[in-house]
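Asker:
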Amino acid sequence: MRGRAPAFLWFLFLAALAGWLILTANAGPMVNANLTDLLPGAQRDPVITEAVGRVKKRFERNVVLVVESDRFEDARLAADYLGEQLRESNQFRALRLRYDRDMVWEAGAFYFPMRFQLLDHKARTTLEAGDTAAFERDILKRYFGPGSSLSSEMVAKDPLLLLPSYLDARTSEAAGRLQPENGYLTLRAQGKVFVVMTGELAETPFSFSVQERLVPILEQVRRELPEKFNGAQILMAGVLAHAIAGTAQAFTEISSVGLGSLLGVFTLLLVVFRSWLPFGLSTISILCGCLGGFAACIALFGQVHLMTLVFGSSLVGISVDYSLHFFCDRFRSPGNWSPKLTVAHIFPGITLGLVTSIIGFSGLVISPFPGMREMAVFSSAGLAVAYGCVLCWYPVCTQRLKSPTVQRPLAWTSTYIGLWQRRWSWPVKAGLAVLLALVSVGFLRLAAEDDIRLLQTLDPEVVAEVDRTRALIGRNLASQFFLVEGRTTAEFLEHEERLTARLRELEETGQVEGHAAISDFLPSAARQEEDRKLLAPLILDEDGLLARVAQRVGLPDNLREAYASAYAAALETPPVGLEAWLAHPVSEPYRHLWLGQTERGVVGVVGLRGVFDLPALKAVAASNPEIHFIDPAGEISDLFSDYRRETGWLAFISYLLVALLLVIRYGVLGGLAVITPPVLAAFASLGVLGLLGHSISLFNIMALLLVLGIGVDYGLFFRETGLVHASTFLAIAMSALTTLLAFGLLAFSRTAAISDFGLTILIGICVAFLLSPMAGARLPRNSD
Amino acid sequence: MSRLALVLAVVLGTTSGAAQALDEQKTTLSDISGQLVHGDMLCSDFEQEKHLQALARPLLSSGKLIFVAGQGVLWQVLTPYPAQILVRSDELIRWDEDGNAHKSSAGKVPIFRALSRVFLAMFRGQFEVLQDTFDLSATQAAGTWRLTLIPKDEILATVISDVRVAGGRHVEEISILEARGDQTLIRLRNPRVDGCRLDDTEKTYFAR
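Chains as they are written, first to last, in this note's numbering: chain G, 1 to 784; chain B, 1001 to 1208.
1. Evaluate the contact criterion for the segment 1076–1084 of chain B versus the segment 576–590 of chain G: three or more CB pairs, one atom per stretch, below 8 Å.
2. Using a cut-off of 7 Å between C-beta atoms, extract the partners of R1113(B) located in chain G.
3. Taking the straight line between their C-alpha atoms, what separation do you get for G544(G) and L161(G)?
4. Could you name the residues of the same chain whose beta carbon sits closer than 8 Å to that of V441(G), not counting the 5 residues immediately before and after it, in chain order?
5. Just to confirm the assignment, what range does the alpha helix (DSSP H) spanning S755(G) have?
6. Give the range of the beta strand (DSSP E) segment to which F481(G) is assigned.
7. Is the beta carbon of L86(G) less than 8 Å from the beta carbon of G183(G)?
8. Excluding sequence positions up to five away, which residues of its chain have a Cβ less than 6 Å from the Cβ of L446(G)?
9. Helix or strand or just coil, what does DSSP make of W581(G)?
10. Just to make sure I have the definition right: I need the residues of chain B whose C-beta is within less than 9 Å of the C-beta of G158(G). Which are they?
11. Decide if I350(G) is buried, meaning its Cβ has at least 16 other Cβ atoms within 10 Å, or exposed.
12. Would a check of beta-carbon distances place P556(G) closer than 8 Å to chain B?
13. Could you check what DSSP says for L1004(B) in three-state terms: helix, strand or coil?
14. Over the uninterrupted beta strand (DSSP E) stretch that includes C1043(B), give me the two end residues.
15. Within 8 Å (strictly less), CB to CB, does R137(G) reach chain B?
16. Alpha carbon to alpha carbon, what distance is there between A189(G) and P537(G)?
17. So, helix, strand or coil for E88(G), using DSSP?
18. When the cut-off is 8 Å and only beta carbons count, does R1189(B) lie next to chain G?
19. Mapping the DSSP letters down to three states, classify M702(G) as helix, strand or coil.
20. For T647(G), name the three-state secondary structure that DSSP assigns.
21. Name the residue from L559(G), L770(G), C766(G) whose alpha carbon lies nearest to the alpha carbon of L1055(B).
22. If we call anything under 8 Å between Cβ atoms a contact, is L438(G) one with S379(G)?
23. Identify, in the order they occur along the chain, each residue of the same chain with its Cβ nearer than 6 Å to the Cβ of V221(G), setting aside the five sequence neighbours on each side.
24. Scan the segment 1126–1153 of chain B for residues whose Cβ lies nearer than 8 Å to a Cβ of chain G and list them as they occur along the chain.
25. Considering Cα atoms alone, identify which of V365(G), F683(G), Q91(G) is closest to L444(G).
26. Count the other C-beta atoms from every protein chain shown that fall within 10 angstroms of the C-beta of H1038(B), then say buried if there are 16 or more, exposed otherwise.
27. Give every residue of the same chain whose Cβ lies closer than 6 Å to the Cβ of T1139(B), excluding the five residues on either side of it in the sequence, and list them in chain order.
28. Expressed to the nearest angstrom, what Euclidean distance is found between the alpha-carbon atoms of F266(G) and M702(G)?
29. So L163(G) contacts chain B; which residues on that side make the cut at Cβ distance below 9 Å?
30. Roughly how many angstroms lie between the CA atoms of D1199(B) and Q1084(B), to the nearest whole one?
31. Between D70(G) and G231(G), is the Cβ-Cβ spacing less than 8 Å?
32. Using DSSP's beta-bridge definition, name the partner residues of H515(G).
33. Inspect the CB distances between the segment 1177–1186 of chain B and the segment 1041–1050 of chain B and report whether three or more fall short of 8 Å.
34. Considering only the beta carbon of each residue, do S1033(B) and G1143(B) sit closer than 8 Å?
35. Given a cut-off of 8 Å, decide if L493(G) and A51(G) are closer than it, judged by their beta-carbon atoms.
36. Name the two residues that bound the continuous beta strand (DSSP E) containing F194(G).
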């Protein structure tokens, strides 16, 4: 029988596609779940882009876990247990719980030989100003004051107490609240004991292996702890905490939206067509469409983002329209229906539908947004494949399908179309007037919104836990930071010192709270030499500072002489370089600030706390080519705003293109009649969003593109079938219902971006559907 | 039968004996605590002697201190070099001449924290909290008492040999003997609960 050959060929094509995908799957992971990968990077120097990538990667892999309990012993044991479980998950590159080494002692061991070249900021400014008396007073206060950790050992080897003074200044700046207790980093606050564990994940927290292996363990331990260790509890901070909550929620939403729409569509098809076949075939063509979209993305981009799968599959779901038109066509002439005639009848309509949809999506392909490009490719390819399925398989599979006898739905749609014939009736006019009024009011209230929080799923519980943890451990780093470059490590440190000098000024005036920089822990070679020179007269002069202090505190002469000769010997040794510091355990808490080699030198990070004056910080970087100010959240917000505008224009152009195409085919009036419903629908969704007090983001604009793609289809089907058939409107009604089931449900998402998207579609499709008979208004009515 | 009775007697005897010893210990500690004059605040003058083996003579200083329950101890050195230091359970803040506060790395040192906990507990008469960190032994005679604290923690024990506290209605003397032989002696003079209050400057120190 004819028609079998194309069906078979089409099957072969899809089978080959599936085979290719299976072969490719072995090459590596194909699905990515990190939301930020959907965003383009800011346009800048590749070296800096790469460095920012490294900071981001490190940042998102950091995990802080805190065990909270009433007693230290319970907290400690619970932390041991948690640590053991986490290690077994094999998801951590590093996990630190116990600090067996004495960190203070280690700092002493590293810095002691450097004591003559390590002045803290205050000591240096005092000495540079020549105020030896003030310097002396500070030293003597340390001797006589209470609470000082003075010991014979220290006094004998460093009678000017240079090292303790430097270490105190460092601690003061680091301002951490955690202290080692029996080797555990511990904090006592609010009548509780907290034991802190830090870890670095082996992979991004969005990866499936983290989600699959680590999350169940964490959940299990979270449940077990209170019982096993007298009410001990876990607190967590880090991107992981958000990633877990976000992904869990995404999956719940996907499955509930997916299940909801599937059930809805199934019921709808069964009720209207009284047969399993339409639902079965539609499902198969949607699945094949997803296969095609997936394959196209893998071929072009090498991977597919989870969000693309979600949105893309829904978009491919539009292809159910093609199926609907095929099956609804049977109502047109129930007596002498044949699949072949149907294909001929609906072919122009669904072809044009496909073309306009692809035009709608192609606006997104041009956008530099990786996520949108993926979605556009996925959906375009998916729709094309589903279209192929309808044309190649449906006629063969529906040979034996009997013509339906029940036509009640047709009666309803007939009535509605009746309102739109030739002269519009009063309900139509009244409806349009109300719509226009509402939309105009809403439009006046529209405002734009480009905040990064659109993308975040802010589970209040998780946010509270993360905030509490961060407040506890006092690690309240700002999301902004500086990158400092240098051709050599020595140069890097000098550039950094220039930056920190400026930052200290900003800290004094309260524009920034604090900073973390490597050069505060290892001064540049130049500065070490300067500091050493400043001390020369103080130590070497016969009646210098050292002599006076020694006399005042009763330091024996032999110790004083030994100190002077230690100083003389130190003058001969070269300054300590960054490499030595990095190799020593003392640098461990700050090593994350070091990024290492680039193609043109080295680069490191200067972290910030409490940023109150962004422009001032930007200005610091602007005057120094080696210093770069990075504001990731700000960049994303800027991107959102840029792309909102850009996508807005793309949407506008797409609407124009489609309108042009329609005018070419149907003439000016006909074309306008088809394009008007989706255009009005787009305006209506914006207006209603304004009325509801929503602000407009990129995601609303994206949805408008979809409203165009789908809304035009409705008009097209009226046009292409030549007459205003109630059967056509039934197909459109069903298609609108299925679209609403697929997208409208997204409006209930807790992620602002998705909910914006869903809501816009919900409103737009409703309006486009209700107005669609307008497209056929000037056509004669077929009284079937 | 008789053997079982014997075993029981021994077991019960020892346990009750141990319990009794523990009870006596508790009684002494709570006696001392009861003997101390309590108040949310305590003002006192102090004299400090630091004996460092490396130095030819002890370092002498004096001043006044104010203890505020739940807040910490403010030491105001008056001679020979005026200085203000606030000791809290987990941090130590010094003020320079310009009035700028500096946190000290001493707060990170286990010995410092152990000692600050001793101070805070003593002024309050809450000796139980010290039992996590120290073995306590106490003696009492004629309205005076003596406490000896020996560190339980091994790391702490390498630094501190013992801490001795003596007093009557108030803590009067604290002596810290370090493992290396350095010793710090603090004598409280004229401790008073009544009429002890913060002036405005002192309030700003505690507000940190």
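Just so you know, even glycine gets a beta-carbon here, dropped at the ideal spot from N, CA and C.
Answerer: On the basis of the data shown:
1. no
2. Q179
3. Their Cα atoms are separated by approximately 16 Å.
4. Taken in chain order, the residues that qualify are G687, G690, L691.
5. Its alpha helix (DSSP H) spans residues 752–771.
6. From DSSP, the beta strand (DSSP E) with F481(G) extends over 477–486.
7. no
8. A distance below 6 Å between beta-carbons, with the five flanking residues on each side excluded, links L446(G) to the following residues of its chain, in chain order: G690, I696.
9. Residue state, collapsed to three classes: helix.
10. The sequence shown places Asp at residue 158(G), rather than the Gly named in the question. The contacting residues do not exist; D158(G) stays about 11 Å from chain B at best.
11. buried
12. yes
13. At L1004(B) the pLDDT is 41, less than 50, meaning the model places this residue with poor confidence; the figure from the coordinates comes in the next sentence. Of the three classes helix, strand and coil, the one that applies to L1004(B) here is helix, per DSSP.
14. 1041–1051
15. yes
16. 47 Å
17. Three-state result, E88(G): helix.
18. It does not; no Cβ of chain G falls within 8 Å.
19. helix
20. helix
21. Of the listed residues, the one whose Cα sits closest to L1055(B) is L559(G).
22. no
23. L82, Q85
24. D1132, D1153
25. Nearest C-alpha to L444(G): F683(G).
26. The residue in question, H1038(B), is exposed, as its Cβ has fewer than 16 Cβ neighbours within 10 Å.
27. R1146
28. 28 Å
29. What L163(G) touches in chain B: nothing, since even the nearest Cβ is about 10 Å away.
30. 14 Å
31. Contact: yes.
32. L608(G), per the DSSP bridge assignment.
33. yes
34. Contact: no.
35. no
36. 192–201
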